[in-house]
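A.B. asks:
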Amino acid sequence: MRELTVGLIGRGDALDSLAHAARYRPGIRLAGRVDPGAPLPDADRLICAGSSSSERAAVVALALAAGRRIAMPPLLALDDEARRALASGSIVQVSPLVGYAPLREVAQRVRRGEIGRPYGLFALHHLPRDAAADLDARLADLLHYVLEVLESPVVRVYARRSALFGEQDDTWHAILHLADETLVTLEVAACLPAGWPEPERLLVEVTGSDAVLRAEPTRQAVHATKRDGSTRAVPWWPDPSAGYLEAALARLEQTDPPSELRYLEVLSALLSAATEQQAVRLADTGA
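Position 149 (the sequence shown) corresponds to 149 in full-length UniProt numbering; numbering is contiguous.
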């Protein structure tokens, strides 16, 4: 059976981890990796990871020009080019958060109806204080994940972007009201001080009429006990790159992927709410 060739786009640690996952995944062969903006690799499937907002925009332009489909983290651009790419299926968005098995499990259980009627969802992503520049991208990743967990249209949003731990904006707080009265609260903050045991903290909790689901994929550790009885906990969790790779490949296989314009409409509303410092109502049909 012919191996599936995969080309990777991006740079940085996230792409290095994704390349490692691709090399050891049976049935596929890594056809190459390029920087954003470079000619696309000659491969059956194209996946982008670890790129900034401007770099992701360059990938969108390449996808439209070459007529190729590319799986990549959620876009931050709200321009016409981004809308064309999503509407045509040239860009398929995959939140890096689905790389975490516990978060995939939460999403599947909610979609199967195991929590009954959804009442609320709370999610937070805490980053080191020197990661404030990544704040918008992490909000986009969390928002995209949440919109795949909960299918009810978003009817109203409120958001605030603040500087709580330094001179530049380092915190997002967002509230989403859904048509079925589910209340979603999102918090993304570059707040972890130097020396904090975990490099980041990620939590998702979904409350329903029949059950509450809670996942903290970054709260795992290896406990080392010495002969004198002292114990030290070393934070550890599986690399989410393998899960992201599988999710990206699965989404690229879909002939009729879900509409991603809903995500853009909600993101646009959140940005407007943060700028105007007031709630923003979406169209009557929601998003």
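In this text, a Cβ means the ideal position worked out from N, Cα and C, and glycines have one as well.
1. Taking the alpha-carbon positions, what's the Thr285 to Asp141 distance?
2. Are the Cβ atoms of Leu245 and Leu18 separated by less than 8 Å?
3. Use the C-beta contact count for Gln278: other C-beta atoms within 10 angstroms, 16 or more gives buried, fewer gives exposed.
4. Label Gly116 either buried or exposed according to how many other C-beta atoms from any shown protein chain fall within 10 Å of its C-beta, with 16 as the threshold for buried.
5. According to DSSP, is Arg160 part of a helix, a strand, or is it coil?
6. Check the DSSP bridge columns for Cys48 and list the partner residues they point to.
7. With a threshold of 8 Å, are at least 3 pairs of Cβ atoms found where one atom belongs to the region 173-186 and the other to the region 214-225?
8. Nearest CA to the CA of Ile28: which residue from Ile47, Asp35, Thr5 and Ala21?
9. Are Val60 and Ser51 touching if we call contact CB-CB under 8 Å?
10. Roughly how many angstroms lie between the CA atoms of Gly89 and Tyr24, to the nearest whole one?
11. Does Tyr263 pass the burial test, meaning 16 or more other C-beta atoms within 10 Å, or should it be called exposed?
12. Give me the Cα-Cα distance between Asp134 and Glu3, rounded to the nearest whole angstrom.
13. Rounded to whole angstroms, what's the CA-CA distance from Glu253 to Ile91? Just pull it up for me.
14. Whose CA, out of Ala85, Ser230, Asp44 and Glu181, lies closest to the CA of Val208?
15. Nearest by alpha-carbon distance to Gly7: which of Asp256, Arg281 and Leu249 is it?
16. Please report the straight-line C-alpha distance between Leu139 and Arg227, rounded to a whole angstrom.
17. Under 6 Å Cβ to Cβ from Cys48, same chain only, skipping five residues before and after it: list those, please.
18. Measuring alpha carbon to alpha carbon, tell me which of Ala137, Asp130, Glu55 and Arg111 ends up nearest Leu150.
19. Measuring alpha carbon to alpha carbon, tell me which residue in Ser241, Phe165, Val266 and Tyr119 is nearest Ala77.
20. For Leu75, which of Ala242, Gly67, Ser95 and Asp42 has the nearest alpha-carbon?
21. What runs of the alpha helix (DSSP H), each 4 residues or longer, lie entirely inside the region 86-132?
C.D. replies: Short version:
1. With a pLDDT of only 45 at Thr285, under the threshold of 50, the placement of this residue in the model should not be trusted, and no figure is reported.
2. yes
3. exposed
4. exposed
5. strand
6. Ile9
7. no
8. Thr5
9. no
10. 28 Å
11. buried
12. 35 Å
13. 13 Å
14. The sequence given here has Gly at residue 208, not Val. For Gly208, the nearest C-alpha among the options comes from Glu181.
15. Leu249
16. 44 Å
17. Ile9, Gly10, Val59, Ile70 and Met72
18. Arg111
19. Val266
20. Ser95
21. 101-111
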